Every structure is written in structure tokens, then in C-alpha cells.
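Enquirer:
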Amino acid sequence: AQSVTQLDSQVPVFEEAPVELRCNYSSSVSVYLFWYVQYPNQGLQLLLKYLSGSTLVESINGFEAEFNKSQTSFHLRKPSVHISDTAEYFCAVIPLGRFGAGTRLTVKP
Amino acid sequence: NAGVTQTPKFRILKIGQSMTLQCTQDMNHNYMYWYRQDPGMGLKLIYYSVGAGITDKGEVPNGYNVSRSTTEDFPLRLELAAPSQTSVYFCASSRGTGATGELFFGEGSRLTVL
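Protein chains in written order, with the numbering used here: chain A, 104 to 212; chain B, 700 to 813.
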């Protein structure tokens, strides 16, 4: 069985501060890990993904995530957030498409 | 480039009514999924399909049915709607699992059962 746990339901931060959104997973088989972002009243968009190779993956808008097999984690980080990063972020495990409960990131001015 | 298209975007049902949420994709993806999203609960997988003619239950299938007669279409049927089915429903598709496992989502269908 597979499961995904996002450890924080809400993360409020000030603009230009660093942020980490935590994701842990459990699986009896090899997995591929994804982060999706959902802006208000929109569908989900892929933010970044880990398939193989380097354990550090980056997105085009400054987010990065590191796959840690020993800790079964795939935490999402950004060194300096913007107001426009306010959204809900979902960690997902493939195969079988299991999603975490989501972390609502709120960036305050 | 349409991607994944869901209809309707909004619907209000009375308890006991039935309806079908339509989902179609134009990317020739084999895998299709239906999720429901409730506040603070993330996305829960209702049903998925790995190809035409093949469907399987996800985490929360009770009260729903699906069919997959073509690669493009994956409708979700609600029989005897209940207030607990008030939710936002997302359809998604992907080429496959593993390296091709990226899910492409529709814009969602907001369903209210009164």
C-alpha cells in the first residue's frame, strides 16, 4: 500500500522569507514523486517531479525538492517566497496517484 | 490544445437525483482518474482506468460508477446523490505510470447536493 503525509496543513510566511513544505511517503514498491500546485479556483498544475537520477530537482519558478530515500521524504523548499506563491501545494506518489492532504502556503506582505 | 475537459463546471443536485460528470482528453493517454477534493482532505482517488474497457476502484468508490468505452472518455456517474457527495471533482489523465506518470488535470466540477 502507498500513502502520502504532508506534515503541515497551513504554512504562513512573510514575503522574501524561506519556506519548507514537508512530505513523507510510504510504499512497498519503487515510487516516483511529484509536487503539484493549485491556485485559487483552479485545477492542479505540475510544479516538479522526481523520477530518477539527481535527488535534487528544481522548478522554473525557484522551488526545489530533495528526494531522501532513507527518510522517505520529498520536502519542497524555496529560499525566498513571493506573494504570488500563495496557493495550496500537494505531494503525490506514482503509481496509483495517491495525493497528500495538501499544505496551504500563505505569503504575507 | 484542449487537454482534459470536464463538464459541467457547476451543478446543484437534490438528494436522490443522479447525474454524470463528463471527462474527455485529447492527448491519447491510457490512464485516467477521478478524484474528489474536500477542504483539508487533499485529493481522494475515486476510480481509475488504465485503458479502454478497464476500470478499478480507488480509495473512495462508494456511491459512484465509471465506464471507459473509449480512450478519450471517462464519465463518472453518481447514483442517488447524497449530501456527502458535495465536493469538487477533478478528472486527470496520464500516459502511464513511472516516468510518464505526470497527471494532467481538468479544471474541476463543483457539485452541491441539497
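Positions of the beta carbon are idealized from the N, C-alpha and C atoms, including for glycine.
This one's a predicted model, so the numbers in the text were calculated from it and none came from an experiment.
Quick one: which residues of the segment 139-161 of chain A get their C-beta closer than 9 angstroms to a C-beta of chain B? List them in chain order.
Expert: Tyr139, Gln141, Asn144, Gln145, Gly146, Leu147, Gln148, Leu149, Lys152, Leu154 and Ser155
Enquirer: Taking the beta carbon of Arg776/B as the centre, do at least 16 other beta carbons fall within 10 Å, making it buried, or is it exposed?
Expert: exposed
Enquirer: Quick one: is Tyr142/A buried, meaning 16 or more other Cβ sit within 10 Å of its Cβ, or exposed?
Expert: exposed
Enquirer: Check whether the Cβ of Ala120/A lies closer than 8 angstroms to any Cβ atom in chain B.
Expert: Not a single CB atom of chain B sits nearer than 8 angstroms to the CB of Ala120/A.
Enquirer: Using a cut-off of 9 angstroms between C-beta atoms, extract the partners of Tyr746/B located in chain A.
Expert: Chain A residues near Tyr746/B: none, gap ~11 angstroms exceeds 9 angstroms.
Enquirer: Less than 8 angstroms separating the beta-carbons of Gln724/B and Pro774/B?
Expert: no
Enquirer: Could you spell out where the beta strand (DSSP E) holding Tyr128/A opens and where it closes?
Expert: Cys126 to Ser129
Enquirer: Within the continuous beta strand (DSSP E) that includes Leu159/A, where are the two ends?
Expert: Leu159 to Glu161
Enquirer: At 8 angstroms on the CB atoms, spell out the chain A contacts of Tyr732/B, in chain order.
Expert: Gly200
Enquirer: For the beta strand (DSSP E) that Ser187/A lies in, which residues bound it at each end?
Expert: Taken as a continuous stretch (DSSP letters only), Ser187/A belongs to no beta strand (DSSP E), as it is neither H nor E.
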